[in-house]
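Numbering (mature numbering (1 follows the signal peptide of the UniProt record, and there is no 0)), first residue to last: -18 to -1, 1 to 348.
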């Protein structure tokens, strides 16, 4: 970086040093002439001649202009002496073939400006429009790069699920034959490779094809989930199409019908792509996560966590069972209280399974 900066400095100094003494004299004259006579004034416009004028025309124009600008005819005019002397120097440059050729070069290509350390050509200064276009271009390239990275990531993710689903269905080329390759099986693939506790994804394998089932019974090929990047998906194009679609929607129906079919096709494509992207944003993030192999330490901690959860579930199940039994006893007592005397005798005669369970429980306590 430092070497490049020094190289640029040397190049600029080289360009500044490339101007000769005669060039600097021309630059100073042009600057002083524009400051005195007005911006855009040239040697030819000062003498009121054409740039292709010959020596006789230059001499004639000089005599006429010198009579007008002579200090004796313009007493009291500010800086008339300097202007008259400058007219003689300019005429001398135009009369010399070498000096005139050098001036004609700057006359056609522009005169460099003074930049503090030397004369340099004025650099391009971008406007607000150029700046916005440049920013949009850079952000579009960054957007394409991000889409490319996400696409490669999604392809690796899809390849993992397809490989795992085929292996789980037993339909790999090494293990399955031509007849077994057409079977349709539902398999569950771990979301994280080697860790089933992180969740599983249910897939459908039909031959060599792997599908993602939906609640409505439809299936999406797993290979279609990785969307390749494209220029039509970058944000400037999508924003332009969205604004165009909104503008067309405000037009009267008869005007919309007269639009070319290609416009309707482009706008409909933009609508469908926008809806697809919105649906993709609404889907849960855990639909298909990137498979990452888990370490042995993580697996042990996951097993211990599942063991603790199972123990808590067992204890909570016993408490709920006891509570349910007590509630059933209360309900049964209420039913017995509402029965008649004969029905109570029958009820006492045969207490049923609940009564037998209570007697056995009371005997164990004694």
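For glycine and all other residues, C-beta sits at the position ideal for the given N, C-alpha and C.
- Boundaries of the alpha helix (DSSP H) harbouring residue 230: 217 to 231, taken from the DSSP string.
- Proximity to residue 149 across 171, 136 and 138 peaks at 171, based on C-alpha coordinates.
- In this structure, residue 122 lies near residue 216, with their beta-carbon atoms less than 7 Å apart.
- Going by DSSP, residue 71 is part of no beta strand (DSSP E) but of the alpha helix (DSSP H) stretching over 62 to 77.
- Apart from the 5 residues on each side of it in sequence, residue 166 sits with its Cβ closer than 8 Å to the Cβ of 186, 187 and 188 in its chain, given in chain order.
- Residue 184 sits in a strand when the DSSP states are folded into three classes.
- Secondary structure note for residue 194: its beta strand (DSSP E) is the uninterrupted segment 191 to 195.
- Annotated three-state conformation of residue 56 is coil, per DSSP.
- Cα atoms of residue 151 and residue 243: separation of roughly 47 Å, rounded to the nearest angstrom.
- Going by DSSP, residue 113 is part of the alpha helix (DSSP H) stretching over 110 to 151.
- Under the Cβ criterion (8 Å, minimum of three pairs), the stretch 52 to 69 does not count as touching the stretch 30 to 40.
- Excluding five sequence positions before and after residue 226, none of the CB atoms of its chain fall closer than 6 Å to its own CB.
- Counting other Cβ atoms within 10 Å of its Cβ, residue 173 reaches 16 or more and is therefore classed as buried.
- If the five residues before and after residue 67 are omitted, its C-beta is found closer than 6 Å to no C-beta atom of its own chain.
- Of all alpha-carbon atoms in 143, 190 and 219, the one lying nearest the alpha-carbon of residue 183 is that of 143.
- For residue 168, the enclosing beta strand (DSSP E) starts and ends at 166 to 174.
- Residue 2 counts as exposed, since fewer than 16 other beta carbons sit within 10 angstroms of its beta carbon.
- In the three-state DSSP reduction, residue 177 falls in the strand class (E or B).
- The stretch 75 to 92 and the stretch 107 to 118 do not touch, with fewer than 3 CB-CB distances between them shorter than 8 Å.
- For residue 41, the enclosing alpha helix (DSSP H) covers residues 37 to 51.
- Distance from residue 9 to residue 108 at the Cβ level is roughly 26 Å; contact not present, criterion being Cβ atoms closer than 8 Å.
- Going by C-alpha positions, residue 80 is about 59 Å away from residue 128.
- For residue 209, the secondary structure class from DSSP, reduced to helix, strand or coil, is coil.
- In this structure residue 76 is not in contact with residue 119, their Cβ atoms being roughly 47 Å apart against a cut-off of 8 Å.
- Rounded to the nearest angstrom, the gap between the Cα atoms of residue 14 and residue 42 is 24 Å.
- In this structure, DSSP gives residue 203 an extended state, which the three-state scheme calls strand.
- In this structure, residue 18 and residue 65 form a Cβ contact; the two beta carbons are roughly 6 Å apart against a cut-off of 8 Å.
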